[in-house]
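>
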Amino acid sequence: MLLLEVLCGVALGFVLGLIPNIHINLIGYVFSLFGVFVFFKENFYFFFSLCVSQTLTSIIPSFIFYTQTQDVLFSPFLGQTPATPSETKALLLLSFLSFLLGGIFSVLFLPFFYLLFLLFSDFYFLIFLILLLSLIFLIFQEKENSFRLIVLAIIIFSGTLGVFTLKFNFFFKEPLIPCVFGLFALPSILLILFSGEKEGNFKSKVVQEIMCFKQIVYLSFLGTLFSSTIAIFPSLSPGLAMTFANTFKENKSSKETVVLFSSILSSVLLIYFFLAVVFNKSRIGFISFLQINNILPKVVFADVLQLAFVFLIVVGLTVTLAYFCLDSIFIELNKLDKKTVLFFVLMFSLFIVFVFSGMGGLFLVVVSGGIGFLPIVYNKNRLALMSYLILPTILFFV
Amino acid sequence: MLEKYLRILIICVCVFGLLGLLLITSFYNARKITVNELLLNPPNESIYLVDGRIKNPQIKSNTLFFELCDFSCIACVYFNPSFGLEGGKEISVKAKYTTFNNKPELIVYSFEER
Chain A
1 MLLLEVLCGV
11 ALGFVLGLIP
21 NIHINLIGYV
31 FSLFGVFVFF
41 KENFYFFFSL
51 CVSQTLTSII
61 PSFIFYTQTQ
71 DVLFSPFLGQ
81 TPATPSETKA
91 LLLLSFLSFL
101 LGGIFSVLFL
111 PFFYLLFLLF
121 SDFYFLIFLI
131 LLLSLIFLIF
141 QEKENSFRLI
151 VLAIIIFSGT
161 LGVFTLKFNF
171 FFKEPLIPCV
181 FGLFALPSIL
191 LILFSGEKEG
201 NFKSKVVQEI
211 MCFKQIVYLS
221 FLGTLFSSTI
231 AIFPSLSPGL
241 AMTFANTFKE
251 NKSSKETVVL
261 FSSILSSVLL
271 IYFFLAVVFN
281 KSRIGFISFL
291 QINNILPKVV
301 FADVLQLAFV
311 FLIVVGLTVT
321 LAYFCLDSIF
331 IELNKLDKKT
341 VLFFVLMFSL
351 FIVFVFSGMG
361 GLFLVVVSGG
371 IGFLPIVYNK
381 NRLALMSYLI
391 LPTILFFV
Chain B
399 MLEKYLRILI
409 ICVCVFGLLG
419 LLLITSFYNA
429 RKITVNELLL
439 NPPNESIYLV
449 DGRIKNPQIK
459 SNTLFFELCD
469 FSCIACVYFN
479 PSFGLEGGKE
489 ISVKAKYTTF
499 NNKPELIVYS
509 FEER
């Protein structure tokens with residue numbers, strides 16, 4: 001039964017992961033709309049496998065439906081020119097390898113993470129300080145004062161939106177969906193929809209970067225270390241973990257960025273689920289749905305081992321599936337008109353926003369979309385938008 | 399040139415959108431209601447000004463939990479309290495009427511003396 005749940009979860013997660021710009025939280029909302037959580041209350045490992053598989057697979061469309069922004073959340077490959085299909089495939093294979101390594105390291109890190117969480121999770125002043133320092137870090141990442149002011153403005157705008165919709169929310173139903181969609185996904189989608197770039201116009205890189213296995217293992221280790229420490233603090237994202245890890249390597253190449261991001265992405269998933277089943281803390285919306293619907297199991301030590309073991313199986317299966325289907329996925333996805341696909345994704349997302357949040361939600365999409373465009377038009381790191389979650393959390397701990 | 403106007407437009411959307419939110423939130427007139435009346439309706443995620451007496455106040459994990467009572471009682475939660483509350487005191491709270499674990503609950507935004 002467990003194996004069947006895992007296989008179904010991986011298969012469905014894999015298919016859903018191939019849809020561009022669809023986050024696992026949005027899938028959670030759709031499931032909630034159709035009562036999926038109620039029907040499959042006893043099948044925790046189905047949802048667990050689906051979440052892991054969808055999140056890992058979503059890296060494939062993020063490479064193919066690529067737009068050049070300084071975004072480290074949805075297209076994490078900072079400053080990289082659009083690669084040729086063969087270069088993209090090579091980067092994806094590197095990413096798959098890092099998923100596996102990140103997965104293995106995260107299992108080995110679980111005892112360390114358990115101790116870390118026990119020590120620091122109730123240390124409210126420390127959490128407040130770390131969150132505040134993260135925002136200060138984002139500002140002082142910029143070299144010039146005028147750029148710092150722009151990042152500060154983005155932090156204030158998105159933070160204010162977070163305070164009005166998450167802390168003092170008087171009017172809006174489910175404000176997270178329209179705000180997160182508006183801040184992160186909408187600008188990327190509109191940018192591609194209205195860009196004049198012709199498809200298939202690839203620029204090949206002049207310099208071929210070479211990475212040895214030892215380097216990949218080291219970066220995956222670093223990624224897992226940062227993702228496990230960052231998961232302790234609420235509202236910090238895998239993207240921020242990557243930014244912190246990057247400070248350890250000054251001249252990073254795009255391949256190194258891919259390895260780092262991929263290992264963080266896979267390891268943080270196990271840590272999030274571990275946090276939820278052991279400490280009853282939810283860090284992503286999808287896990288909150290599982291929590292609300294009482295799908296998360298009550299665990300003993302043996303169950304944690306089972307969770308870790310199933311996680312490795314899921315990562316392995318997803319990577320194997322992605323590896324063997326990569327060529328056909330490439331052919332099929334490249335056959336599609338990217339703008340048409342993204343237009344349907346946009347319409348579907350707006351429909352979900354309307355269903356859950358009503359007209360007020362559409363107003364929030366416009367405001368948060370405006371704020372989400374700021375880092376793009378001023379060419380700044382989009383992680384500053386995470387202030388939407390960080391500022392209300394700081395106000396909780398202050 | 400077009401880019402300049404685009405930037406101005408985006409900044410205007412952000413500023414006016416946030417100002418709109420600030421104004422509506424600040425001048426929002428919540429309906430005054432008693433705990434008994436409130437419990438007659440199912441939780442509807444609306445904001446009310448609820449009168450009642452404090453019962454069983456306790457602070458756990460930086461969150462203040464208490465019950466607001468008149469003839470009936472409703473569970474209340476107030477995040478990040480900078481003060482404690484005395485049981486038996488009569489107060490009004492501006493709060494959102496919602497559910498937690500399928501039970502009605504008030505998420506308190508502010509306290510007002512009666």
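Just so you know, the protein sequences line up as chains A and B, in that order.
The first sequence begins at 1 in our numbering and counts up one residue at a time.
The second sequence begins at 399 in our numbering and counts up one residue at a time.
A virtual CB, placed ideally from N, CA and C, is assigned to each residue, including glycine.
Please read these numbers as outputs of a predicted model, since none were measured by experiment.
Buried or exposed, going by whether 16 or more other CB atoms sit within 10 Å of the CB of A:Thr160?
One-based indexing of the first sequence puts residue 160 of chain A at position 160. Label assigned to A:Thr160: buried.
> Select from A:Leu50, A:Ala185 and A:Gln306 the residue whose C-alpha is nearest the C-alpha of A:Leu317.
Here the question's residue 317 of chain A lines up with position 317 in the first sequence. Closest by alpha carbon: A:Leu50.
> Leaving out five residues on either side along the sequence, give the residues of the same chain with a beta carbon under 8 Å from the beta carbon of A:Phe112.
In the first sequence, residue 112 of chain A corresponds to position 112, counting from 1. Result list for A:Phe112: Ser228, in chain order.
> For the candidate residues A:Pro238, A:Ala245 and A:Ile295, whose alpha-carbon lies nearest to that of A:Lys41?
To locate residue 41 of chain A, count along the first sequence from 1; it is residue 41. Checked all of A:Pro238, A:Ala245 and A:Ile295; the closest Cα to A:Lys41 is A:Ile295.
> What is the rounded straight-line gap between the Cα of B:Phe414 and the Cα of A:Asp327?
One-based indexing of the second sequence puts residue 414 of chain B at position 16. One-based indexing of the first sequence puts residue 327 of chain A at position 327. When rounded, the distance between both Cα atoms is 48 Å.
> In terms of residue numbering, what span does the beta strand (DSSP E) encompassing B:Gln456 cover?
What you label residue 456 of chain B is simply residue 58 of the second sequence in a count that begins at 1. Ile445 to Lys458 is the span of the beta strand (DSSP E), which, as asked, contains B:Gln456.
> Within the continuous alpha helix (DSSP H) that includes A:Lys335, where are the two ends?
The count along the first sequence starts at 1 and reaches residue 335 of chain A at position 335. Phe301 to Lys335 is the extent of the alpha helix (DSSP H) around A:Lys335.
> Identify each residue in the stretch 361-388 of chain A for which the Cβ-Cβ distance to at least one residue of chain B is less than 7 Å, and report them in chain order.
The stretch 361-388 of chain A vs chain B, Cβ under 7 Å: Val366, Val367, Gly370, Ile371, Phe373, Leu374 and Val377.
> What does a CB cutoff of less than 7 Å around A:Leu135 pick up in its chain, not counting 5 residues either side in sequence?
Counted from its first residue, the first sequence places residue 135 of chain A at position 135. Counting only Cβ-Cβ distances below 7 Å, and skipping sequence neighbours, we find Ile155, Ser387 and Ile390.
> Can a CB atom of chain A be found closer than 8 Å to the CB of B:Tyr507?
To locate residue 507 of chain B, count along the second sequence from 1; it is residue 109. Taking Cβ atoms only, chain A reaches closer than 8 Å to B:Tyr507, which makes this a yes.
> Rounding to the nearest angstrom, what Cα-Cα distance links A:Ile329 and A:Gly17 in this structure?
Here residue 329 of chain A corresponds to residue number 329 of the first sequence, with the count starting at 1. Here residue 17 of chain A corresponds to residue number 17 of the first sequence, with the count starting at 1. Each residue's alpha carbon lies about 12 Å from the other.
> Given a cut-off of 8 Å on the beta-carbon distance, is the pair A:Ser117 and A:Phe279 in contact?
Counting from one through the first sequence, the residue named residue 117 of chain A turns up at place 117. Counting from one through the first sequence, the residue named residue 279 of chain A turns up at place 279. First, the amino acid is wrong: residue 117 of chain A is Phe here, not Ser. Contact: yes.
> I'd like the span of the alpha helix (DSSP H) that includes A:Phe351, first residue to last.
Stepping through the first sequence from its first residue, residue 351 of chain A is reached at position 351. Start and end: Lys338 to Val377.
> Which residues in the same chain have their Cβ closer than 7 Å to the Cβ of A:Val259, if we skip the five residues on either side of it in sequence?
In the first sequence, residue 259 of chain A corresponds to position 259, counting from 1. Closer than 7 Å at the Cβ level, and outside the excluded window around A:Val259, lie Leu94, Ser98, Ile216, Leu219 and Ser220.
> DSSP three-state label for A:Ile139, please.
Within the first sequence, the letter at position 139 stands for residue 139 of chain A. If DSSP states are grouped into helix, strand and coil, A:Ile139 belongs with the helices.
> Going by C-alpha distance, which of A:Phe96, A:Gly102, A:Leu362 and A:Val277 is nearest A:Ile292?
Translated into positions along the first sequence, residue 292 of chain A becomes position 292. Checking every option, the nearest Cα to that of A:Ile292 belongs to A:Val277.
> Drop a sphere of 10 angstroms on the beta-carbon of A:Ser462, count the other beta-carbons inside from all chains shown, and report buried for 16 or more, exposed for fewer.
Absent from the structure is residue 462 of chain A, since the part of chain A shown begins at 1 and ends at 398.
> Note down, in chain order, each residue of its chain lying with its Cβ closer than 7 Å to the Cβ of A:Cys8, except the 5 sequence neighbours on either side.
Start at 1 with the first residue of the first sequence, and residue 8 of chain A comes out as number 8. Result list for A:Cys8: Phe46, in chain order.
> Ignoring anything shorter than 4 residues or poking outside the stretch 1-73 of chain A, list the alpha helix (DSSP H) runs there in chain order.
Whole alpha helix (DSSP H) segments, 4+ residues: 2-17, 24-33, 36-39, 44-57 and 59-64.
> What are the residues of the stretch 296-311 of chain A that lie near chain B, defined by any Cβ-Cβ distance shorter than 9 Å?
Taking 9 Å as the Cβ-Cβ cut-off against chain B, none of the residues of the stretch 296-311 of chain A qualify.
> Taking the C-alpha atoms as reference points, what is the distance between A:Ala322 and A:Leu166?
What you label residue 322 of chain A is simply residue 322 of the first sequence in a count that begins at 1. What you label residue 166 of chain A is simply residue 166 of the first sequence in a count that begins at 1. Each residue's alpha carbon lies about 37 Å from the other.
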